[in-house]
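> All the letters of the sequence shown, read from the start, carry residue numbers 1 to 774 under full-length UniProt numbering. Handing you a structure now.
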Amino acid sequence: MAPKSSSTSKKKSSSTKDDGEVKEKPVKIPDLFIVRPQGETQAAVTHNKNIYKVGLHPKILEALGLNNNEFVSVYREGDRGVGGTVCAIPEAVEDPDLVDINVVTVSAGLKDAGALLFGDRVKVERYKTKMDMASLVSVRINTPNSPEQAVIDATTTDLKKLAMVSPGLSMEVKIESGEYVNVTVTDVGDTDLGSLSLEQSELKNHVSYWSPLFLLEDTQVVVSTRNCWELPKTTTYKSIGGLDQHIVELKSTIELPLHHPSLFSRFGISPPRGVLLHGPPGTGKTMLLRAVAQESNAHVLTINGPSIVSKYLGETESSLRAIFEEARKYQPAIVFIDEIDALVPRRDGDESGQAESRVVATLLTLMDGMSQSASAKIVVVGSTNRPNAIDPALRRAGRFDREVEIGIPNAEARLSILSIQMADMPHNMSEEDIQYISSITHGYVGADLSALCREGVMNAINRGLEEHGSALNAVNSGLEVTMPDLERALLDVRPSAMREIFLEKPSTTWSDIGGQSGVKEKLKQMVEWPLTKADTMKNLGITPPRGVLLYGPPGCSKTLIAKALANESGLNFLSVKGPELFNKYVGESERAVREIFRKARAAAPSIIFFDEIDALSTARGHSEAGAGGERVLTSLLTEMDGIESLNGVMVLAATNRPDVIDSALMRPGRLSRLLYVGPPDEHARQQILKIRTKNMCLGSEVDLEEIAKTTEGMTGAEIVALCEEAGLYAMSQDEDAKEVTKKDFDHVLKGARRGVTEEMLKYFVDWAEGNSPA
1 MAPKSSSTSK
11 KKSSSTKDDG
21 EVKEKPVKIP
31 DLFIVRPQGE
41 TQAAVTHNKN
51 IYKVGLHPKI
61 LEALGLNNNE
71 FVSVYREGDR
81 GVGGTVCAIP
91 EAVEDPDLVD
101 INVVTVSAGL
111 KDAGALLFGD
121 RVKVERYKTK
131 MDMASLVSVR
141 INTPNSPEQA
151 VIDATTTDLK
161 KLAMVSPGLS
171 MEVKIESGEY
181 VNVTVTDVGD
191 TDLGSLSLEQ
201 SELKNHVSYW
211 SPLFLLEDTQ
221 VVVSTRNCWE
231 LPKTTTYKSI
241 GGLDQHIVEL
251 KSTIELPLHH
261 PSLFSRFGIS
271 PPRGVLLHGP
281 PGTGKTMLLR
291 AVAQESNAHV
301 LTINGPSIVS
311 KYLGETESSL
321 RAIFEEARKY
331 QPAIVFIDEI
341 DALVPRRDGD
351 ESGQAESRVV
361 ATLLTLMDGM
371 SQSASAKIVV
381 VGSTNRPNAI
391 DPALRRAGRF
401 DREVEIGIPN
411 AEARLSILSI
421 QMADMPHNMS
431 EEDIQYISSI
441 THGYVGADLS
451 ALCREGVMNA
461 INRGLEEHGS
471 ALNAVNSGLE
481 VTMPDLERAL
491 LDVRPSAMRE
501 IFLEKPSTTW
511 SDIGGQSGVK
521 EKLKQMVEWP
531 LTKADTMKNL
541 GITPPRGVLL
551 YGPPGCSKTL
561 IAKALANESG
571 LNFLSVKGPE
581 LFNKYVGESE
591 RAVREIFRKA
601 RAAAPSIIFF
611 DEIDALSTAR
621 GHSEAGAGGE
631 RVLTSLLTEM
641 DGIESLNGVM
651 VLAATNRPDV
661 IDSALMRPGR
671 LSRLLYVGPP
681 DEHARQQILK
691 IRTKNMCLGS
701 EVDLEEIAKT
711 TEGMTGAEIV
721 ALCEEAGLYA
731 MSQDEDAKEV
741 TKKDFDHVLK
751 GARRGVTEEM
761 LKYFVDWAEG
771 NSPA
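Next up, the structure:
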């Protein structure tokens with residue numbers, strides 16, 4: 001026993017001082033601190049002088065070697081931050097166990113200036129730059145129609161009470177009339193920071209942080225006419241466009257359970273605990289949640305898809321439990337799971353293994369446990385663009401109670417988004433110009449419109465550099481974004497839903513097609529009326545046609561008409577080549593059909609063009625492709641007029657063998673409009689000749705009217721080939737020929753081939769009479 005006693009005594013002595021006191025273990029400084037609001041004790045004194053107050057645990061202050069009122073900076077990883085004066089958290093001084101050692105408390109002013117959210121993980125370190133004295137402060141008045149001088153006087157009085165100030169500080173000042181006015185500090189100091197470039201030495205001390213701190217001398221206030229400093233952008237409901245209805249829905253679903261759970265318990269029910277946001281990428285799901293978190297002052301815990309997944313058994317589930325435990329500790333709290341389909345896939349799917357099944361089971365248990373406590377102020381928000389890929393057990397009441405679809409914005413929502421994007425952007429565009437851009441950006445989501453504005457700014461900057469030689473001169477010249485800048489940007493920025501199926505937009509216009517005026521007019525009506533005369537069609541109870549079949553002999557401009565329609569309509573255009581849909585693996589061909597229609601719906605309004613559709617839709621029982629071809633046809637029929645409506649999508653098909661197409665495809669509701677595209681008449685042939693010879697050097701004796709008369713029975717393609725042959729014959733006679741003469745045309749006309757016969761025309765007439773759409 002003696003050795004054991006000796007060992008114990010030795011161990012005890014190593015952990016004690018000579019006088020018997022127990023040594024305290026050194027504090028491990030956390031890599032990241034959790035942002036929390038200041039408690040009532042500290043918040044009571046956090047006003048005016050202490051508006052930039054940062055609170056740390058006393059042990060952390062000691063470990064970092066910081067003194068009270070020393071300047072520190074608080075910043076997110078990889079981001080610029082905000083500065084303030086540090087002190088010990090009063091609650092932690094009274095009882096160190098009340099406050100976690102990895103918590104940093106921030107005042108409301110500092111939180112707003114740094115665009116921080118409660119729950120953010122931030123670094124805290126000693127402020128590294130020299131504090132400058134500021135005698136001049138520029139502010140922007142956020143409340144319009146307020147008397148400017150009264151605002152300046154009130155702001156000057158309030159600023160004199162501050163020990164420091166920084167760009168980004170928002171203040172509410174009371175003017176003589178008793179009205180409260182919001183002002184934001186844009187510039188501080190005797191130099192206009194916004195006019196300086198990053199290369200200039202005056203800015204070297206200011207580029208490390210969102211808001212460099214300045215001490216105040218005799219303060220003079222001026223009103224800024226523009227944002228001179230790059231202020232942090234706090235996401236609020238006002239900064240989100242086109243989602244007003246979703247905001248109202250989320251307020252009732254998230255804010256009420258967070259702040260007033262007793263309202264639900266009074267009625268004997270538990271509040272909703274989960275919301276699933278789903279919709280295409282870029283529609284604003286994550287941005288919407290950040291706005292909810294900002295407006296509700298909730299503690300936000302973010303899980304980015306598989307970011308918590310570990311290769312070690314049980315660690316993923318442990319991380320998930322730790323996140324929910326933190327949410328319980330810091331209520332009200334929001335647990336946001338971005339790309340939730342990657343974390344909890346369907347357990348009956350091929351991609352799900354044992355690890356994924358355990359994560360699903362853990363999340364189900366945690367959400368059930370959370371819903372059992374009626375007083376808990378916790379809401380779980382999931383975000384995905386593949387709602388059907390997550391496990392169905394999560395989508396029942398009590399877990400994800402509400403499912404909010406955030407779809408592709410319509411023209412009105414796009415106008416709202418563009419207006420917000422361009423509010424702080426110098427431009428010379430009228431409201432009508434912005435409305436026009438919103439009306440032609442079909443299928444663009446919020447992220448696409450943001451990229452469009454950014455590309456427009458880049459075009460304006462490049463134009464300014466060309467005109468003025470330097471960025472500084474361009475800025476000082478009052479450079480603005482113009483309509484042509486945005487129109488050029490439209491060529492580079494495509495809708496997100498269309499990027500994976502990028503098609504070069506055809507350059508063909510209606511003027512490039514000779515004749516076929518009746519077909520052109522009907523197609524224009526079918527495409528334009530649902531967009532421009534939607535109210536009239538609704539009042540008359542008319543459903544826009546979903547499908548059009550162009551049929552006629554080969555070479556009569558069917559494909560050319562489709563190209564012109566794609567270019568002139570401005571709609572998103574998907575061209576489908578029949579053979580690319582066929583796959584030797586069972587089910588893959590049908591999946592390809594479904595994907596085409598899914599993308600078209602996502603990018604609506606859009607047009608799907610099937611060239612030579614007879615290859616895909618041969619009548620069942622007669623298809624050379626066998627069962628595979630019949631399955632593709634069945635998928636095509638279902639997509640065009642099935643349970644899922646085809647809103648905003650028009651199907652355009654072309655064929656020269658209409659008799660082999662399955663009759664089910666040509667019934668009303670599918671390819672309901674049949675347009676015959678026949679050989680051109682004499683007037684149309686003359687138009688085609690003029691269009692084709694526009695860039696040819698013709699001899700004075702060439703009579704296009706005469707040639708049009710002699711080309712009776714020829715198709716448009718054959719007339720185009722005739723002109724090319726005449727040019728080649730002219731070169732064969734003289735390699736340095738200056739023009740194409742009548743003799744050249746006469747020679748090629750002798751051997752001209754006419755592919756359309758009387759029997760062929762009779763075939764189309766007979767088919768049309770037996771299959772009239774009327």
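Cβ coordinates follow ideal geometry from the N, Cα and C atoms, glycine included. Being a predicted model, the structure only gives us computed values, none of them experimental.
(1) Could you give the distance in angstroms between the alpha-carbon of K160 and the alpha-carbon of K174?
(2) Exposed or buried, what is I661 when buried is set at 16 or more other beta-carbons lying within 10 Å of its beta-carbon?
(3) In chain order, what residues of the same chain lie with their CB nearer than 8 Å to the CB of D703, ignoring the 5 residues before and after it?
(4) Work out the CA separation of K762 and L665 for me, nearest whole Å.
(5) How would you call V222, buried or exposed, if buried means at least 16 neighbouring beta carbons within 10 angstroms?
(6) Quick one: measure Cβ to Cβ for N567 and T509, integer angstroms, because I've assumed they're closer than 8 Å.
(7) M164 and L215 - do their beta-carbons sit closer together than 8 Å?
(8) What is the DSSP secondary structure of T53, reduced to helix, strand or coil?
(9) Skipping 5 residues on each side, what residues in its chain have a beta carbon closer than 8 Å to that of Y52?
(10) What does P345 pair with, by DSSP beta-bridge criteria?
(11) Taking one C-beta from the segment 398-417 and one from the segment 582-596 each time, how about it: are there three or more such pairs within less than 8 Å?
(12) My parser needs the alpha helix (DSSP H) runs of 4 or more residues fully inside the segment 548-619; what are they?
(13) Mapping the DSSP letters down to three states, classify P530 as helix, strand or coil.
(14) In chain order, what are the residue ranges of uninterrupted alpha helix (DSSP H) at least 4 long that sit wholly in the segment 713-749?
(15) Considering Cα atoms alone, identify which of E682, T441, V481 is closest to G570.
(16) What ranges does the alpha helix (DSSP H) occupy inside the segment 81-145, keeping only unbroken runs of at least 4 residues that lie completely in it?
(17) I'd like to check one pair, P345 with A389: are the Cβ atoms closer than 8 Å?
(18) Less than 8 Å between the beta carbons of Q516 and V677, yes or no?
(19) So what's H260 in DSSP terms, helix, strand or just coil?
(20) By how many angstroms is the C-alpha of R591 removed from the C-alpha of K377?
(21) Roughly how many whole angstroms lie between the Cα atoms of K533 and K522?
(22) Could you tell me how far apart the beta carbons of D341 and R386 are, in whole angstroms, since I believe they sit closer than 8 Å?
(23) Under the three-state reduction of DSSP, which class applies to V176: helix, strand or coil?
(24) My output table needs one value for S170: the three-state DSSP class, helix, strand or coil.
(25) Which two residues bound the contiguous alpha helix (DSSP H) that contains H246?
(26) If you reduce the DSSP assignment to three classes, tell me which class F764 lands in.
(27) Threshold first: 4 residues or longer. Then list the alpha helix (DSSP H) segments lying entirely within the UniProt domain "AAA+ ATPase" (271-410), N to C.
(28) Quick one: what's N182 bridged to in DSSP?
(29) Is the CB-CB distance between L616 and L636 below 8 Å?
(30) Under the three-state reduction of DSSP, which class applies to P544: helix, strand or coil?
(31) Taking only three categories from DSSP, how would you classify S672?
(32) Spatial neighbours of N182 within its chain, please: C-beta separation below 6 Å, excluding the five flanking residues on both sides.
(33) Quick one, which of A413, L490, S146, E295 has its alpha-carbon nearest L452's?
(34) To the nearest angstrom, how far is it from the Cα of E176 to the Cα of A423?
(35) Where do the N-terminal and C-terminal ends of the beta strand (DSSP E) with A654 fall, by residue?
(36) Measure the alpha-carbon distance for R396 versus E339 and round it to whole angstroms.
On the basis of the coordinates in this document:
(1) Residue numbering aside, residue 160 sits at position 160 when the sequence shown is read from its first letter. Residue numbering aside, residue 174 sits at position 174 when the sequence shown is read from its first letter. One C-alpha to the other measures close to 14 Å.
(2) As a first step, residue 661 must be located in the sequence shown, where it is residue number 661. Answer is buried; the Cβ neighbour count reaches 16.
(3) Your numbering for residue 703 matches position 703 in the sequence shown. The answer, listed in chain order, is K742.
(4) As a first step, residue 665 is located in the sequence shown; it is residue number 665 there, counting from the start. As a first step, residue 762 is located in the sequence shown; it is residue number 762 there, counting from the start. Distance from the CA of L665 to the CA of K762, rounded to the nearest whole angstrom, comes to 23 Å.
(5) Within the sequence shown, residue 222 is the residue found at index 222, counting from 1. V222 is exposed by the Cβ-count criterion.
(6) If you number the sequence shown from 1, residue 567 lands on position 567. If you number the sequence shown from 1, residue 509 lands on position 509. Confirmed, about 6 Å.
(7) Walking along the sequence shown from the start, residue 215 turns up at place 215. Walking along the sequence shown from the start, residue 164 turns up at place 164. Taking 8 Å as the Cβ cut-off, L215 and M164 qualify as a contacting pair.
(8) If you number the sequence shown from 1, residue 53 lands on position 53. A small fix is needed here, since residue 53 is Lys in this sequence, not Thr. Strand.
(9) Position 52 of the sequence shown, counting from 1, holds the residue named residue 52. Around Y52: V82, G83, G84, T85, S107, G109, L110, A113, M164, S166, L213.
(10) Here the question's residue 345 lines up with position 345 in the sequence shown. Its beta-bridge partners are I390.
(11) no
(12) 558-569, 588-602
(13) Taking the first residue of the sequence shown as position 1, residue 530 is located at position 530. In the structure shown, P530 sits in a helix (DSSP, three-state: H, G or I).
(14) 716-733
(15) To locate residue 570, count along the sequence shown from 1; it is residue 570. Closest by alpha carbon: T441.
(16) 90-94, 108-113
(17) Within the sequence shown, residue 389 is the residue found at index 389, counting from 1. Within the sequence shown, residue 345 is the residue found at index 345, counting from 1. Contact: yes.
(18) Within the sequence shown, residue 516 is the residue found at index 516, counting from 1. Within the sequence shown, residue 677 is the residue found at index 677, counting from 1. Contact: yes.
(19) On the sequence shown, position 260 is the one that residue 260 refers to. In the displayed model, H260 falls within coil according to three-state DSSP, outside both helix and strand.
(20) Numbered from 1 along the sequence shown, position 377 holds the residue referred to as residue 377. Numbered from 1 along the sequence shown, position 591 holds the residue referred to as residue 591. Computed Cα separation, rounded: 43 Å.
(21) To locate residue 533, count along the sequence shown from 1; it is residue 533. To locate residue 522, count along the sequence shown from 1; it is residue 522. Looking at the two C-alpha atoms, the distance is approximately 15 Å.
(22) Within the sequence shown, the letter at position 341 stands for residue 341. Within the sequence shown, the letter at position 386 stands for residue 386. Sure, about 5 Å apart at Cβ, within 8 Å.
(23) As a position in the sequence shown, residue 176 is number 176, starting the count at 1. Looking at the sequence provided, one finds Glu at residue 176 rather than Val. E176: coil per DSSP, three-state reduction.
(24) Reading the sequence shown from its first residue, position 170 is the one you call residue 170. Three-state result, S170: strand.
(25) By 1-based counting over the sequence shown, the position of residue 246 is 246. For H246, the enclosing alpha helix (DSSP H) has its first and last residue at 244-250.
(26) Translated into positions along the sequence shown, residue 764 becomes position 764. Of the three classes helix, strand and coil, the one that applies to F764 here is helix, per DSSP.
(27) 285-296, 315-329, 340-343, 354-371
(28) Locating residue 182 in the sequence shown gives position 182, where the first residue counts as 1. According to DSSP, N182 bridges with E172.
(29) Position 616 of the sequence shown, counting from 1, holds the residue named residue 616. Position 636 of the sequence shown, counting from 1, holds the residue named residue 636. For L616 and L636, yes; Cβs fall inside 8 Å.
(30) Position 544 of the sequence shown, counted from the start, is the residue given in the question as residue 544. Residue state, collapsed to three classes: coil.
(31) Counting from 1 along the sequence shown, the entry for residue 672 is found at position 672. Coil.
(32) Counted from its first residue, the sequence shown places residue 182 at position 182. Cβ within range, chain order: N142, T143, E172.
(33) Translated into the one-based positions of the sequence shown, residue 452 becomes position 452. Ranking the options by Cα distance to L452, first place goes to L490.
(34) As a first step, residue 176 must be located in the sequence shown, where it is residue number 176. As a first step, residue 423 must be located in the sequence shown, where it is residue number 423. Each residue's alpha carbon lies about 30 Å from the other.
(35) Position 654 of the sequence shown holds residue 654. Per DSSP, A654 belongs to the beta strand (DSSP E) from 649-655.
(36) Here residue 396 refers to the residue found at position 396 of the sequence shown. Here residue 339 refers to the residue found at position 339 of the sequence shown. Approximately 19 Å, taken between the alpha carbons.
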